[in-house]
Each structure stands twice: as structure tokens, then as C-alpha cells.
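K.L.:
Protein sequences appear in the order of chains B and U. In terms of the numbering used here, the first sequence is residues 1 to 589. In terms of the numbering used here, the second sequence is residues 590 to 664. Virtual Cβ for every residue (Gly too), placed ideally from N, Cα, C. Take this structure, written in C-alpha cells, and hold onto it; I'll ask about it next.
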Amino acid sequence: MSLTEIINSFPPVLIFLIGALVMLFVPSRARAVIMLVCSLLVLAALPFLQDASLVQLGFLNFELVPFAVDRLSVAFAYVFCLISFFGGLYAFHLKDRGQQIAAMVYAGGSLGAIFAGDLFSLFVFWEIMLAGSAYLIWARKTPEAAGAGMRYIIVHLAGGSFLLAGIIWHLVETGSLDFGLLEGAPSYLILIGFLVNAAVPPLHAWLPDAYPQSTVTGSVFLSAFTTKVAVYALVRGFAGLELLVWAGAIMAVYGVIYAFLENDIRKILSHHIVSQVGFMVAAIGIGSALSVNGAVAHAFTNILNKGLLFMGTGAILYATGKSKLNELGGLLKQTPYVFVLYMIGAVSISGFPLFCGFVSKGMVTYSAETSHYIPAFIMLNLASVGTFLSVGLKLPYYTWFGKKSQTGITKPVPAGMYTGMALTALSCVIFGVFPGLLGNLLPYASSYQPYTLIHFWETLSIVLFSGLMFWVLIDSIKPKPGITLDFDWFYRRPAPLVYRIFVKFPSDVFSLAARLASSSVSKVAQIAANPVGFFFWHYKNTVSKIKGEPSPEMEPAVYNPHRYRNSLGIMVLMVMFGFVFVAVITWLV
Amino acid sequence: MRNKIVIVGIILAVFMLLDHLFHLTHGEGWWAQIPAFFALLGFVGGLLIFFLAKIVISALLHRKEDYYESDRNNQ
């Protein structure tokens with residue numbers, strides 16, 4: 001068996017899951033190394049994968065394909081391996097076994113999902129991802145993280161149920177579990193499952209609720225996988241569905257408006273994920289070869305950009321213990337490198353030339369324009385304005401400049417964090433300077449040229465004038481503490497009421513029933529222990545009532561084990577004797 | 590504030606002139622006819638986001654940090 005054959009018969013998810021298993025038994029440094037080695041192993045194997053269904057598995061009466069490869073899945077696999085490697089470096093200092101294993105399981109589940117050749121395998125990996133990601137939220141071990149993690153799980157289990165229901169219905173209707181373009185009524189249930197994970201409003205509130213509560217390193221992985229796997233699934237299942245164009249355009253603007261308002265740095269980035277995924281969802285909806293390429297390219301570059309931004313804000317949270325803009329400020333002297341690396345991510349995601357965001361964002365907006373979705377085209381450009389305002393100006397300005405924070409940094413940023421950030425930043429630049437590297441990975445052959453005078457002009461105009469707008473209104477943009485209500489209000493605000501109806505009321509009913517039952521049992525026990533005495537007492541009670549005397553006390557039942565022993569013994573003896581007598585007679589006759 | 594607006598106005602005029610001279614905004618739609626469309630979008634769009642965020646949404650939906658927690662404690 002040659003090496004290529006081994007690679008083509010061994011799903012990458014297994015490498016990560018085996019790695020996670022080994023992590024159970026080795027010390028913390030070795031665990032960090034395992035994550036890096038597994039990411040590199042899979043990355044090195046990707047060029048050797050053949051476009052085919054590689055592993056087939058019989059399950060009940062179905063033929064499942066847990067490992068199938070095509071250009072779309074390989075493109076996602078490349079960036080997933082890159083971010084696992086960079087994230088692994090960023091988390092190198094970590095000693096928490098649970099978090100390290102959860103990150104491995106999460107990354108492995110994501111790789112499994114993009115290589116799943118049928119809907120059922122996809123669902124299985126989908127839920128594996130949920131397990132890993134939920135742990136990364138809970139691992140922060142704060143009460144807020146506990147609550148947010150629980151809401152995260154509930155929302156995703158609900159989304160997963162829609163997905164599974166849709167898959168089963170689809171199977172009943174078509175008799176097939178193949179994962180290609182989906183149509184018909186069952187596909188809408190599957191779509192809801194995908195849209196929950198893609199954080200499309202109004203199903204998005206779990207994301208800005210949960211991601212900022214996660215651990216410093218956990219949020220880097222969270223920002224990379226769940227929404228992008230959903231983007232992958234939407235590309236495969238729903239490319240060209242017009243509904244998605246408008247959903248994407250709306251979410252792109254919605255996300256930046258909330259990001260612009262936020263005070264917590266990681267919450268700004270979380271709202272901004274919603275906006276960026278909006279670009280991808282809109283591009284998927286357009287459905288042309290260029291726009292699907294754009295969606296994949298934007299997912300690719302966004303994982304790097306957003307990962308880098310979460311690394312930068314995570315480093316600030318790690319070093320200062322704070323993540324609120326009104327508590328931060330003036331950190332430039334203490335964390336100059338974090339600032340520079342963060343800004344590379346920020347200008348890249350804002351679409352500056354020579355950074356990867358320029359390439360992918362251009363593809364999406366250009367495809368919207370050429371496919372004549374002009375309102376969507378303008379909304380996406382508006383989202384670009386908001387991106388630069390919130391992520392490129394407001395967040396860094398009030399973190400590294402502005403009023404100096406009282407505390408400053410309390411512990412130094414580890415070297416591993418810097419290395420992870422530096423390599424992610426480097427890759428943002430490499431994919432920006434050499435757009436062909438990314439172009440070769442995309443599902444369709446493309447002749448798109450990002451570096452044109454017109455595209456430069458567009459970007460320069462948007463960036464410069466949104467910057468000027470920030471400068472004009474800088475005094476009114478000051479962050480203020482507080483939260484902005486979002487769609488999670490609908491399940492968080494009524495929670496006490498829901499608790500009262502579904503938890504407290506049934507438990508009250510049960511405890512009432514229990515009290516009734518135990519009191520009636522004790523009554524029955526009382527009667528059964530001394531039935532004769534009870535009837536006598538009842539008689540005396542009635543008589544005294546008629547006479548108008550106070551009711552007599554009931555004689556307590558005194559248990560005397562010897563009371564009926566003799567008489568009962570004699571009766572049993574007689575019965576036994578009767579049996580023997582009958583037996584003897586029968587035998588004689 | 591007034592000085593700032595004047596400066597923005599001058600830069601915008603320069604952009605409009607450049608756009609007019611070199612035809613830098615391409616496209617088939619109505620928007621391509623507006624001189625320095627993307628510069629206007631950058632500034633006006635920024636104002637629009639500012640207005641929507643700070644004036645509309647913040648006024649209606651801004652709450653204290655412990656909005657959900659305080660609610661739970663009251664129950």
C-alpha cells in the first residue's frame with residue numbers, strides 16, 4: 001500500500017480524534033505539540049487527496065460516505081489546518097487539558113464535516129463540533145460563561161434537530177442521503193439547521209452571546225470553525241438560492257451596526273463575524289461561479305483575519321484582564337507588537353490592498369454588481385464602511401490610544417501567542433500579495449483580477465472617507481458601558497416565566513402529590529395497624545359528638561409481635577395437616 | 590467641527606474632480622453616474638451607520654450591563 005493510498009483511505013478527522021485521545025495521557029507541552037503535529041500532518045496530506053468518495057461504510061441499509069473529497073472541501077481543509085496550527089501556537093502556553101482536547105475535537109469535527117460525503121455523516125460531525133465548541137465556552141469557568149454555554153448548546157441542539165428532521169424527511173422523500181444541491185420541502189428544515197450555525201439573523205444571537213464569554217484561546221477556534229462549516233454546507237446545498245442574497249446583505253449591515261455600538265472588544269468582533277458571514281451568505285445566494293468562488297475565498301481569508309483579530313484582543317484580555325473599551329486605553333507603549341499585529345488583521349478585514357481581505361471582498365462585491373444585485377452591492381459596501389469604523393478604528397483607538405486605563409497590563413503576553421499572531425498576520429499578507437495562491441484553491445476556475453485601478457479607487461474612497469467620518473464625529477463615538485438588546489431577548493427575558501411554567505409549576509404539583517400520597521399512606525397505615533381500635537374509636541367519637549363531649553383520643557396502635565402468633569400457628573398447622581391428610585387419602589385410594 | 594467639515598469637503602471635491610477626469614467609478618447602474626460615489630458612500634454610509642446605531646438602536650435597546658442578571662435575581 002503506497003503512501004498516497006494510505007492518505008486517501010484515512011479521514012483527517014481520525015488524525016485529530018486520535019490526537020485528542022493521546023492527549024489524555026501526556027503532559028501539557030506534549031499536548032500542545034500534538035495539536036501542531038496533527039495540523040501539519042493533515043496539511044501535508046491535502047495535496048495528495050483524490051477527488052472521489054474515498055471511504056464508504058455500510059450503516060443499517062444505507063451506504064454512508066464519511067470521507068469524500070472535492071475542490072470545495074479541500075479549500076476549506078487548507079484554511080482549517082492553517083488556523084489549527086496558528087491557534088495551536090497561540091495556545092501553546094495552555095495547561096488546561098480539557099481545553100486542549102476540546103479544541104482538537106472541535107477542529108477534527110470541522111474537518112470531518114467538510115469531508116462528509118453524505119448528509120448523515122455531516123450531521124454526526126456537526127454534533128461533534130458542538131461538543132468541542134461548548135466546552136471551549138464553559139472552560140472560562142465564570143457564571144456568565146456557564147449561562148452563555150448553556151444557551152449556546154440549547155440553540156445548537158434545536159438547530160441540529162431541524163437538520164436531522166430535514167435529513168430524515170429528505171431520505172424518506174428521495175431515498176438518498178447524497179449531499180448535493182437540495183430542493184423541496186425537506187430542504188427548508190435542513191436550511192434552518194445551516195442558518196442557525198451560519199448565525200443568520202434572527203437565528204444569530206447565540207454567537208455574540210457565547211463567543212465573548214469563551215476562553216482567550218477558545219475564541220480563536222470558535223471564530224474559525226462553526227460559522228465557516230455552515231458556509232461550506234450552504235455552498236454545497238443551497239448555492240443560487242435568492243433568499244440568501246438578501247439575508248446575507250441584511251446580516252452584513254446588521255452585524256456592523258451592533259459591532260459599532262458594542263463596548264466589549266471581543267463582542268465587537270463577534271457581532272462583526274455576523275457581518276462578514278453576511279458577505280459569504282450573499283455570495284452563495286448569487287450562485288454564479290465567481291460569487292461562489294468569492295464566498296469560499298472570503299471564508300478562507302476571514303478565518304485568518306478574524307482569527308488574528310481574536311488573537312490580538314485575546315492577548316489584551318490575557319495581559320490586562322479586561323475587555324471593555326471604557327476600561328481600556330493607552331496601551332500602545334505596553335503592547336506595541338500586539339497593536340501592530342492586530343492592525344494587520346484589521347486593515348486586512350477592511351479590505352486594504354496587499355492584504356487578503358482585499359482579494360476576497362472584491363470578489364464578492366464585484367459578483368453582486370455584475371449579477372445586478374445593486375441594493376445588495378450597496379449594502380455590502382456599507383458593511384465595509386462599518387467594518388473599518390468598528391474593527392479598524394473604534395476598537396484599536398480606544399484600546400491602544402485614548403484615555404489611559406488605570407490598571408495597564410498585569411502579566412506579559414507569552415511568546416507562543418506572539419508567534420501564532422505573527423504567522424497568521426504573515427499569511428494574511430502572503431495571500432494578499434499573491435492572490436493566485438488562493439485562486440488556485442477555489443472550486444471554480446477564475447479569471448478575477450483583484451489588482452485593478454478601479455478596485456483600488458473604490459477601496460481608497462471607502463476607507464478614506466469612513467476614516468474622515470470617524471475623525472469628524474470622534475467625540476460622539478466614545479464607548480459607553482452597557483449592552484444592546486438583541487434577538488436573544490426573546491429567549492433570555494422570558495426565561496424566568498418559562499422556568500415558572502415548565503419547571504416550578506410541575507415540581508409544585510409533584511410535591512403536592514407526594515405530600516398527599518405520604519399523608520394518606522400514613523393514615524392507611526394507622527388504620528391497618530389497628531383496624532378494630534380504629535372502628536371503636538370511630539364509634540366512641542360519634543357517641544361523644546352526640547353527647548357533646550370532647551372527642552376521645554385514639555389509642556395508639558401497640559404492636560405486639562406475639563399477639564396472634566399462637567392462634568396463627570395453630571391455623572397453619574391445621575391447614576398443613578389437612579393437606580397431608582388429603583395427600584395420604586389420595587395415595588391410598 | 591466646522592474646520593473638519595471644510596477639510597472633508599475639500600477632499601471630497603478633489604475626489605470628484607479626479608473621478609470626473611479619469612472615469613474611475615465603473616459600473617452600469619445609476620450609482621456609477623454619481624461622481625465619487627464610493628467616497629460619498631464612505632462618508633454618508635458612515636453617518637448612516639452612526640445614526641442607526643447611536644440614535645435609533647441605542648436609544649431603543651440600550652440597557653445596563655447587568656440587565657439579564659438583575660432580572661434573574663429579582664425572581
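Mind checking who residue 578 (chain B) pairs with in its DSSP beta bridge?
P.N.:
For the purposes of this step, residue 578 (chain B) is taken as residue 578 along the first sequence, with counting starting at 1. Residue 578 (chain B) is not bridged to any residue.
K.L.:
Which whole runs of the alpha helix (DSSP H) in the stretch 509 to 577 of chain B are 4 residues long or more, in chain order?
P.N.:
List check, alpha helix (DSSP H) in window: 531 to 547.
K.L.:
Just to confirm before moving on: does the CB-CB distance between residue 450 (chain B) and residue 435 (chain B) stay below 7 Å?
P.N.:
Position 450 of the first sequence holds residue 450 (chain B). Position 435 of the first sequence holds residue 435 (chain B). Yes; because the gap between Cβ atoms is below 7 Å, this pair is in contact.
K.L.:
State the start and end residues of the unbroken alpha helix (DSSP H) segment that holds residue 625 (chain B).
P.N.:
Because residue 625 (chain B) is not part of the residues shown, which for chain B are 1 to 589, the question remains open.
K.L.:
Let me see if you follow: with CB-CB separation under 7 Å, is residue 648 (chain U) close to chain B or not?
P.N.:
Within the second sequence, residue 648 (chain U) is the residue found at index 59, counting from 1. Not closer than 7 Å to any Cβ of chain B, the Cβ of residue 648 (chain U) fails to qualify, so no.
K.L.:
Closer than 7 Å, CB to CB, is residue 609 (chain U) near chain B or not?
P.N.:
As a working note, residue 609 (chain U) is residue 20 in the second sequence. Residue 609 (chain U) does not count as touching chain B.
K.L.:
Would you say residue 632 (chain U) lies against chain B (beta-carbon separation less than 7 Å)?
P.N.:
As a position in the second sequence, residue 632 (chain U) is number 43, starting the count at 1. Chain B, which has a Cβ nearer than 7 Å to the Cβ of residue 632 (chain U), makes this yes.
K.L.:
For residue 470 (chain B), return the contacting residues in chain U, with the cut-off set at a CB-CB distance below 8 Å.
P.N.:
By one-based count along the first sequence, residue 470 (chain B) stands at place 470. Per Cβ cutoff of 8 Å: 635.
K.L.:
Among the residues of its own chain, which have a CB less than 7 Å from the CB of residue 288 (chain B), if the five just before and after it don't count?
P.N.:
For the purposes of this step, residue 288 (chain B) is taken as residue 288 along the first sequence, with counting starting at 1. Answer for residue 288 (chain B): 367 and 371, listed in chain order.
K.L.:
Straight-line CA distance for residue 566 (chain B) to residue 576 (chain B)?
P.N.:
Start at 1 with the first residue of the first sequence, and residue 566 (chain B) comes out as number 566. Start at 1 with the first residue of the first sequence, and residue 576 (chain B) comes out as number 576. Residue 566 (chain B) and residue 576 (chain B): Cα-Cα distance of roughly 15 Å.
K.L.:
Distance cutoff 7 Å, beta carbons only. Does residue 642 (chain U) sit that close to anything in chain B?
P.N.:
Counted from its first residue, the second sequence places residue 642 (chain U) at position 53. At least one chain B Cβ lies under 7 Å of residue 642 (chain U).
K.L.:
Can you pull the chain B residues whose beta carbon is under 7 Å from the beta carbon of residue 652 (chain U), in chain order?
P.N.:
The count along the second sequence starts at 1 and reaches residue 652 (chain U) at position 63. Under the 7 Å cutoff, chain B gives 482, 483 and 485.
K.L.:
Just to confirm my understanding: we take residue 385 (chain B), look at its own chain, exclude 5 residues before and 5 after, and list those with CB closer than 7 Å. What are they?
P.N.:
Start at 1 with the first residue of the first sequence, and residue 385 (chain B) comes out as number 385. So the qualifying residues of the chain are 462 and 466.
K.L.:
For the alpha helix (DSSP H) that residue 77 (chain B) lies in, which residues bound it at each end?
P.N.:
Here residue 77 (chain B) refers to the residue found at position 77 of the first sequence. 71 to 90 is the extent of the alpha helix (DSSP H) around residue 77 (chain B).
K.L.:
In angstroms, rounded to a whole number, what distance separates the CA positions of residue 325 (chain B) and residue 271 (chain B)?
P.N.:
Numbered from its first residue, the first sequence carries residue 325 (chain B) at position 325. Numbered from its first residue, the first sequence carries residue 271 (chain B) at position 271. Going by the C-alpha atoms only, they are around 15 Å apart.
K.L.:
Are the C-beta of residue 255 (chain B) and some C-beta of chain U separated by less than 7 Å?
P.N.:
Residue numbering aside, residue 255 (chain B) sits at position 255 when the first sequence is read from its first letter. Chain U, which has no Cβ nearer than 7 Å to the Cβ of residue 255 (chain B), makes this no.
K.L.:
Output, in chain order, the set of chain B residues within a Cβ distance shorter than 8 Å of residue 594 (chain U).
P.N.:
Numbered from 1 along the second sequence, position 5 holds the residue referred to as residue 594 (chain U). By Cβ distance, chain B contributes 472.
K.L.:
Exposed or buried, residue 457 (chain B), counting other C-beta atoms within 10 Å across all chains shown (16 or more means buried)?
P.N.:
Locating residue 457 (chain B) in the first sequence gives position 457, counting from the first residue. So residue 457 (chain B) ends up on the buried side.
K.L.:
Are the beta-carbon atoms of residue 634 (chain B) and residue 274 (chain B) separated by less than 7 Å?
P.N.:
The requested residue 634 (chain B) does not occur in the structure, where chain B is confined to residues 1 to 589.
K.L.:
Between B:489, B:481, B:406 and B:119, which has its C-alpha nearest residue 264 (chain B)'s C-alpha?
P.N.:
Within the first sequence, residue 264 (chain B) is the residue found at index 264, counting from 1. Minimum Cα distance to residue 264 (chain B) is reached at B:481.
K.L.:
So for residue 618 (chain U), helix, strand or coil by DSSP?
P.N.:
Taking the first residue of the second sequence as position 1, residue 618 (chain U) is located at position 29. Coil.
K.L.:
Would you say residue 613 (chain U) faces chain B, with C-beta separation under 7 Å as the test?
P.N.:
For the purposes of this step, residue 613 (chain U) is taken as the residue at position 24 of the second sequence. Yes, because at least one Cβ of chain B sits closer than 7 Å to the Cβ of residue 613 (chain U).
K.L.:
Mind checking which residues open and close the beta strand (DSSP E) that includes residue 63 (chain B)?
P.N.:
Taking the first sequence and counting its residues from 1, one reaches residue 63 (chain B) at position 63. Counting along the chain, the beta strand (DSSP E) containing residue 63 (chain B) begins and ends at 62 to 68.
K.L.:
Under a CB-based cut-off of 7 Å, is residue 266 (chain B) close to chain U?
P.N.:
Residue numbering aside, residue 266 (chain B) sits at position 266 when the first sequence is read from its first letter. Closer than 7 Å: no.
K.L.:
Do residue 19 (chain B) and residue 136 (chain B) have their C-beta atoms closer together than 7 Å?
P.N.:
Taking the first sequence and counting its residues from 1, one reaches residue 19 (chain B) at position 19. Taking the first sequence and counting its residues from 1, one reaches residue 136 (chain B) at position 136. No.
K.L.:
Quick check: the Cα distance between residue 8 (chain B) and residue 148 (chain B), rounded to an integer number of angstroms?
P.N.:
What you label residue 8 (chain B) is simply residue 8 of the first sequence in a count that begins at 1. What you label residue 148 (chain B) is simply residue 148 of the first sequence in a count that begins at 1. Their backbone Cα atoms lie some 39 Å apart in a straight line.
K.L.:
Name the chain U residues whose beta carbon is nearer than 9 Å to that of residue 465 (chain B)?
P.N.:
Here residue 465 (chain B) refers to the residue found at position 465 of the first sequence. Neighbours of residue 465 (chain B) on chain U, chain order: 597, 600, 601, 604, 625, 627, 628, 629, 630, 631, 632, 633, 634 and 635.
K.L.:
Do residue 590 (chain B) and residue 345 (chain B) have their C-beta atoms closer together than 7 Å?
P.N.:
In the structure as shown, chain B starts at 1 and stops at 589, and residue 590 (chain B) therefore has no counterpart that could be examined.
K.L.:
For a cutoff of 7 Å on Cβ pairs, would you count residue 662 (chain U) as touching chain B?
P.N.:
Position 73 of the second sequence, counted from the first residue, corresponds to residue 662 (chain U). Because residue 662 (chain U) sits at a pLDDT of 49, beneath the cut-off of 50, its placement in the model cannot be relied upon, and the following sentence gives the value as read from the coordinates. No, because no Cβ of chain B sits closer than 7 Å to the Cβ of residue 662 (chain U).
K.L.:
Alpha carbon to alpha carbon, how far is residue 501 (chain B) from residue 524 (chain B)? Give it in angstroms, no decimals.
P.N.:
The residue labelled residue 524 (chain B) in the question sits at position 524 within the first sequence. The residue labelled residue 501 (chain B) in the question sits at position 501 within the first sequence. Using only the alpha carbons, I get a separation of about 34 Å.
K.L.:
From residue 213 (chain B) to residue 327 (chain B), what does the alpha carbon distance come to, in whole angstroms?
P.N.:
Numbered from its first residue, the first sequence carries residue 213 (chain B) at position 213. Numbered from its first residue, the first sequence carries residue 327 (chain B) at position 327. Their Cα atoms are separated by approximately 17 Å.
K.L.:
Identify the residues that DSSP records as bridge partners of residue 652 (chain U): which are they?
P.N.:
Working through the second sequence from its first residue, we reach residue 652 (chain U) at position 63. In the DSSP output, where bridge partners are listed per residue, residue 652 (chain U) has B:483.
K.L.:
At a Cβ threshold of 7 Å, is residue 8 (chain B) touching chain U?
P.N.:
As a position in the first sequence, residue 8 (chain B) is number 8, starting the count at 1. Not an interface residue.
K.L.:
So which residues of chain U does residue 246 (chain B) contact, with C-beta pairs closer than 9 Å?
P.N.:
The residue given as residue 246 (chain B) occupies position 246 in the first sequence. Residues of chain U passing the Cβ test: none, with the nearest at roughly 17 Å.
K.L.:
So what does DSSP say about residue 433 (chain B), is it helix, strand or coil?
P.N.:
Here residue 433 (chain B) is taken as the residue at index 433 of the first sequence, counted from 1. It is helical.
K.L.:
Give the straight-line distance between the Cα atoms of residue 323 (chain B) and residue 483 (chain B), rounded to the nearest whole angstrom.
P.N.:
Taking the first residue of the first sequence as 1, we reach residue 323 (chain B) at position 323. Taking the first residue of the first sequence as 1, we reach residue 483 (chain B) at position 483. Each residue's Cα considered, the two are about 14 Å apart.
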